[in-house]
Each structure stands twice: as C-alpha cells, then as structure tokens.
Amino acid sequence: MSSPLARPRALAVRRLFSPGLLFALPFLALFAVFMLWPLGQGLWMSVTDASLSAHAPSFIGADNFTEAFKDAEMWRALGHTVWFTAISTVPLVVVALGMALLVHTGLPGQWVWRLAFFAPYLLPVGVVGLLWLWLYQPDLGLYNHLLDKLGLGRLAWLSDESVAMWAIALTTLWWTVGFNFLLYLAALQSIPDPLYEAAAIDGAGAWRRLWSITLPQLSRITLVITVLQILASLKVFDQVYLLTKGGPNNSTRPVVEYVYDVGFTGYRLGYASAISYIFFALVVLASAVQFAVLRRREK
Amino acid sequence: MTSTEAPARPTPPRTGARTVRPSGPPRRPHRSRTNLTLGESRTARVLALAVLAVAALVWLLPMAWAVLTAFKSEQDASNPLRWVWPEHGFTLQGFRSVWERGDLPLWMLNSLLISAAVTVITVLVSAMAGYAFSRTVFAGRRGLFALTIAAVLVPPQILIVPWFQQMLTLHLLDTYWAVILPQTVAPVMVFILKKHFDSLPRELEEAARIDGAGHWRIFWSVLLPLSRPMLAAVAIFVFIGAWNNFLWPFVSTSDPALMTLPVGITSVKDAYGVQYAQTMSSAVLAALPLVVVFVFFQRHIVKSVATTGLGGQ
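Have a look at this one:
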C-alpha cells in the first residue's frame, strides 16, 4: 500500500493513511456522503421552511416541530403506523414459527413447502400490489368469490375503513412471512440432535419434546425475529401506498407516506424532514426498549 | 440458544450433513429427524402433512390464480362466473401485448443493471471495510466502527427527503446513479462481514505475510476465496433488497425509461384500466426472474440465512 500520500517522515500522516483506513475508505466515503450528510441535512432542513419551489430556505427554528405536534393528521398517521405494527408482528412471528415447525418435521416434499412459503417474499412489491388489488376486487376478486361460496357475505376489502388495514396486514403476512420462516428453519436445524435423543431415551413424547426442547431452544431467535419484525413493520409504506394510497379517507396512511405526501406532493421539504425526525425518534425509542429487553434476557 | 448460534458457520461438515440433502440416497437423515420431532405416531405424521398441505395451498393460491388469469382472454378474466376455467380457452395474448408495449423488458433491464451495480459495489466496499475493522489497526477504528453500528438504526425512509435534495444539488436526479448510490451504504453488511472475518483463523494471513503478501493480496487472494459462501449470502440479500426496493427508486426517477420493475409495473395498472389478464401477465413476467433464481438456488438461499446469521446476531 504505497500511497503517494504516505510521506515516510510524517508519522501522524502515515498513521492517518494506514492501509486499514485505506481499506475502509470507500465505505466510509459512501457512508459519509449518503448517510451522515443526508442525516445532517435532514436535521437542518427540519428547522427551515425548505420547499420544492425555487425560493431559498430560511431558518424558522422549531416552528416545524411545534406545528407537527399540533398536527392531528401526523398523530393519526403515527397511530396507523403503530397499529399496523401491532397487528402485523404477532402473525408474522407465530405463523412463521408454525410453518417452520411443520416443515422441519422432515415430511416428504421439503422443497415444495419451502418454495410455497418463501416464494412470495421474492415478489417485487409492485407485483404484490397488482396481485392483491385484484384478489381484493369487490366483484371479481378471488376472496369475495370464496366468501360467497362459503355463504359469508362479501367484504369491501380496501374501501371499508374498518377492514382496509387488516387487509393490508394480511397481504403483508402473505408476502413477507417467508423470511421469518427461513430464519426459524435455520434455527431449528441448529438444535443439536443429542438433546432430542436424550429426551427420547427419557421417554418424552412428541409434545413434551416440542414444549421442553424445541420451543425453549427457539426463544432467543423468537425474540430476535420479533425485534426485527417490529422495526420492519414500523417502516411500512410500499404495500399501503400500492393497495390503498393511504385511503379510504387516509385511514391507512402510515407516517412514512405522510412524509412523502407532505414533501413531494405538498412541496414542504422542511416540514417533511421534521416529521421524518419525529418518526426516527419513534424508531430509536422502539429499538432502545427492545435492546434493553434483549440485554435483560442475556443475563 | 446461545450455544447454537455460533456453530452456525464454523462447523461446515456437521451443518452440511444435516441441512443439505446430498444428491445420493436422500431419506436417511430425515428418518431420524422425523422420529426426533414428530415421534413414532403415524397419525401425527398424517395430520402434520394435512395441515402443511392446506397452508401451502393457501399460500400458493394467489399466485396460481394470477398465473391462470395471465393465460386468459380479457373477456374471461373479468367474468366472475368463470373464475377457474375460461370459456374461450387459454391464450398468450396477454403476454404478447405486454411484451410488445416494450416497457416491461426495459424495466427488467433497469432493475437488473441497478441491482447488479448495487450488489457489486456494496459487497466489495463492505468486505473491504469489514476487513479493515477486523484485521487492521488505524486511528479512529473503534469510533468509526461504533458509528457504523449505530447507523444500522437509521431507517432509509427518513432519508428520502435529504437524498432527493442531494441528488437535485448534484444534478443526478433521474439517472441510474441517483438510484444506485444511496443503496450501496449497508452498515449491516459491514457488521456481518467484520464478524465473519473475525472468525477466520489468523494463521492463514500470517503464513501469507511471511511469503511477502501485502494487505491487498491477503484480502483478495487469501480471505475472500475462503469467504465465498458468506459473500454469496450477503450478495443474495443485497440483490433481493435492491431488486425489490420501491420507495427510493419511486422518488428518484420520474422518467419511465429509468424506472425499475417494482416502480414501473405499478404504472401498468393505470395504463390498462381494468384489463386484468394483461395486468396479471405483466405481474407474472415481472415475478419470474427471482422465482426462477430461487428454484435453482433455493438450497443455497436457505443456507445463506443460516450463514449470515441475519437475525441471529
């Protein structure tokens, strides 16, 4: 690593341009330009009236934040985000666990099961949107057709305020549960066989082994999956935007979409940045709580 | 569980034997597994199989329906009474019209170029940084690594506004670079690769160093070849992530010629109105590449989840 910058006489300079730093440099450069700078710039914009129109932004102090705290729509959007996280996380963990347990039993057809549960995860969200818009179609959609057959009456899946968010959560479950399923499958495969053999010798039945070996062995990964899922669900935007555009009556609009609406359709970049930072604070708070829980459990 | 996460990668023979079915006689290892988790009961096996089959059916149904519709005529696709078997038989018309419009192949190409670029840049840059944080000493190393880990918390969603402003300033809006560059910053991957390099034995590079190899040679010719499974795993995740990314490509491109698949495909619906057969044909075509990749590499993908320990850490 004979960089022209590494003058042999200046020790400090040589330390600065040591090979290690040179190796880290490409990443650090990208990191600084596309992560740290935008983070700083976003913070700066949040205290200005920056907009997409031509005028130069001017400093307005905490005005954006005081406005945001009084903004009922922002609170509503935050509420939707939290609500979506609540109703999506539980099934995304429980269903993934159930699927993994069943597949792991070594029943025939392994690759079919794995493909069935994981394949949706590979679909681009645009495809998922198109597909489920159609599945939820009130007249022609598959699900209303099935409900008809079962004599249960139809649902206005995406246009009924009380159903729409559940419909989005259902789509999300179908689309992304495969990833958690794979994590569980990997964890199951790493449970050492002797544990089961010992239990079998002690005469433990299948249920007993599930409750006393498998599930306890999975408790850590369950916690981790839950943590990852909560953080992922808090960031929801794509599928909501594609299925309902946040409607009906903005009843499903999550906070990320509110940021998008305020910034790119309302042209208020400064205000959008302020809301971004409020959302960021929520994510950091959620992470801190989860980190504390994880740490407590480690001990 | 603490004891099980570490061996996920450094014990290849064991995990390999258990997770992967070699092409030879496949049943053996599974028998014992079956006995260990399900017990000897035949009823339990049949019951589990039934539940599994129903669940798989429910999961496959939406896709099966989409594929079925993609092969129908528009007339049949919008006929609620003929929702399985079409009156007028199956046709390739939907696919033909979608393909002839020419957008879809273009969006696929865009997605491929952008995802490939993101993957190559991210993996290379993250591996180099992982090496630097794991195997070298330089001023500020600990601080910079701590900063990198802290950045894992930053949701990309909060950066779209400043990124947009930045691309405006740099005159990169509506270019490939605008879509690619912000996606190449992956602190998680740096972290995973650093942990991975930590786990490789030091003796290897010491031997190389005695032979006169410098850092670049050690990195490129000794450590990277040893890390192929890990690099493949990281690359797969980065690629799928970039291929499916929606929000940032959606914000940073308005020129239809630059759109990626997930973004472009959503404009199809508006263009076609209620032409369900065509819409589903485009959805099927758009979904095909990754599904094919998965069918061919699924064992590898499943293993890569275990390898990276994504979530396990």
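From first to last, the protein sequence lines are chains C and X. So the first sequence is residues 1 to 299, counted in our numbering. So the second sequence is residues 1001 to 1313, counted in our numbering. For every residue, glycine included, the Cβ atom is placed at its ideal position computed from N, Cα and C.
With respect to the alpha helix (DSSP H) encompassing residue i, which residues constitute its N-terminal and C-terminal limits?
{"i": "Q239(C)", "result": "D238 to T244"}
{"i": "G20(C)", "result": "P19 to F31"}
{"i": "G79(C)", "result": "A72 to H104"}
{"i": "R220(C)", "result": "S219 to L234"}
{"i": "Y196(C)", "result": "D193 to I201"}
{"i": "V1051(X)", "result": "R1042 to A1070"}
{"i": "I1121(X)", "result": "D1103 to R1135"}
{"i": "I275(C)", "result": "L269 to E298"}
{"i": "N249(C)", "result": "Counting along the chain, N249(C) falls outside any alpha helix (DSSP H), and DSSP gives it neither H nor E."}
{"i": "G129(C)", "result": "V125 to L135"}
{"i": "P108(C)", "result": "No alpha helix (DSSP H) contains P108(C), which DSSP labels as neither H nor E."}
{"i": "F1197(X)", "result": "P1187 to S1199"}
{"i": "L1144(X)", "result": "R1141 to A1150"}
{"i": "T172(C)", "result": "E161 to Q189"}
{"i": "T1169(X)", "result": "I1160 to T1169"}
{"i": "G1241(X)", "result": "R1228 to N1244"}
{"i": "E1206(X)", "result": "E1203 to I1210"}
{"i": "D148(C)", "result": "L142 to K149"}
Using 8 Å as the limit for Cβ to Cβ distance, is residue i near chain X?
{"i": "A100(C)", "result": "no"}
{"i": "W75(C)", "result": "no"}
{"i": "P124(C)", "result": "yes"}
{"i": "K245(C)", "result": "no"}
{"i": "S251(C)", "result": "no"}
{"i": "D261(C)", "result": "no"}
{"i": "A24(C)", "result": "yes"}
{"i": "V163(C)", "result": "no"}
{"i": "P248(C)", "result": "no"}
{"i": "L147(C)", "result": "no"}
{"i": "S58(C)", "result": "no"}
{"i": "S276(C)", "result": "yes"}
{"i": "V289(C)", "result": "no"}
{"i": "L142(C)", "result": "yes"}
Across which residues does DSSP place residue i in a beta bridge pair?
{"i": "T48(C)", "result": "F59(C)"}
Residue i CB to nearest chain C CB: under 8 Å?
{"i": "I1114(X)", "result": "no"}
{"i": "M1230(X)", "result": "no"}
{"i": "T1034(X)", "result": "Below a pLDDT of 50, predicted positions are generally treated as unreliable, and T1034(X), at 48, falls in that range; no measurement from the model is reported."}
{"i": "R1045(X)", "result": "yes"}
{"i": "T1136(X)", "result": "yes"}
{"i": "S1097(X)", "result": "no"}
{"i": "I1240(X)", "result": "yes"}
{"i": "H1030(X)", "result": "Summary for H1030(X): the model assigns pLDDT 45, below 50, so the residue's position carries little reliability, and this model does not support an answer."}
{"i": "F1296(X)", "result": "no"}
{"i": "M1128(X)", "result": "yes"}
{"i": "P1225(X)", "result": "no"}
{"i": "D1041(X)", "result": "Sequence inspection shows Ser at residue 1041(X); the Asp mentioned does not correspond to that position. It does; some Cβ of chain C falls within 8 Å."}
{"i": "A1070(X)", "result": "no"}
{"i": "L1052(X)", "result": "yes"}
{"i": "P1256(X)", "result": "no"}
{"i": "P1022(X)", "result": "Summary for P1022(X): the model assigns pLDDT 43, below 50, so the residue's position carries little reliability; its value from the coordinates is reported in the next sentence. No, no contact with chain C."}
In chain X, what lies closer than 8 Å to residue i by C-beta?
{"i": "L130(C)", "result": "I1265, T1266, V1268, K1269, T1279, M1280, S1282 and A1283"}
{"i": "Q41(C)", "result": "P1162, Q1165 and Q1166"}
{"i": "F69(C)", "result": "Ordered by position in chain X, no residue passes the 8 Å Cβ test against F69(C), which lies about 18 Å from the chain."}
So, under 8 Å CB-CB, residue i and residue j are touching, yes? Tell me the CB distance rounded to an integer number of Å.
{"i": "P138(C)", "j": "I1265(X)", "result": "Contact flag wrong, Cβ pair sits at about 23 Å."}
{"i": "P1162(X)", "j": "P38(C)", "result": "4 Å"}
{"i": "T1148(X)", "j": "F1191(X)", "result": "7 Å"}
{"i": "A167(C)", "j": "L158(C)", "result": "6 Å"}
Using a cut-off of 7 Å between C-beta atoms, extract the partners of residue i located in chain C.
{"i": "A1207(X)", "result": "Under the 7 Å cutoff, chain C gives no residues; its nearest Cβ is about 19 Å from A1207(X)."}
{"i": "V1125(X)", "result": "P26, F27 and L30"}
Along chain X, in chain order, which residues have C-beta atoms closer than 7 Å to that of residue i?
{"i": "K235(C)", "result": "P1155 and Q1157"}
{"i": "D238(C)", "result": "F1246 and L1247"}
{"i": "L269(C)", "result": "V1161 and Q1165"}
{"i": "L135(C)", "result": "P1062"}
{"i": "P194(C)", "result": "Within chain X, no residue comes near P194(C); the closest Cβ sits about 10 Å away, beyond 7 Å."}
{"i": "L242(C)", "result": "T1266"}
Check the Cβ of residue i against every Cβ in chain X and list those closer than 9 Å, keeping chain order.
{"i": "T172(C)", "result": "Correct list: empty, because the minimum Cβ distance to chain X is about 13 Å."}
{"i": "W166(C)", "result": "By Cβ distance, chain X contributes nothing, its closest Cβ being about 16 Å from W166(C), past 9 Å."}
{"i": "P19(C)", "result": "A1132, T1136, F1138, G1214, H1215 and W1216"}
Since residue i meets chain C, which of its residues come closer than 9 Å, beta carbon to beta carbon?
{"i": "A1151(X)", "result": "F31, M35, L36 and L39"}
{"i": "V1291(X)", "result": "L115, A119, L122 and L123"}
What does residue i touch in chain C if you count any residue whose Cβ is under 8 Å from its own?
{"i": "R1101(X)", "result": "By Cβ distance, chain C contributes nothing, its closest Cβ being about 15 Å from R1101(X), past 8 Å."}
{"i": "P1086(X)", "result": "The contacting residues do not exist; P1086(X) stays about 13 Å from chain C at best."}
{"i": "A1056(X)", "result": "V112, W113, A116 and F117"}
{"i": "P1105(X)", "result": "Neighbours of P1105(X) on chain C: none; closest Cβ ~15 Å, over 8 Å."}
Does the Cβ of residue i lie closer than 7 Å to at least one heavy atom of the ligand MN?
{"i": "F65(C)", "result": "Among the components of this structure there are no ligands whatsoever, and the ligand MN is therefore not found."}
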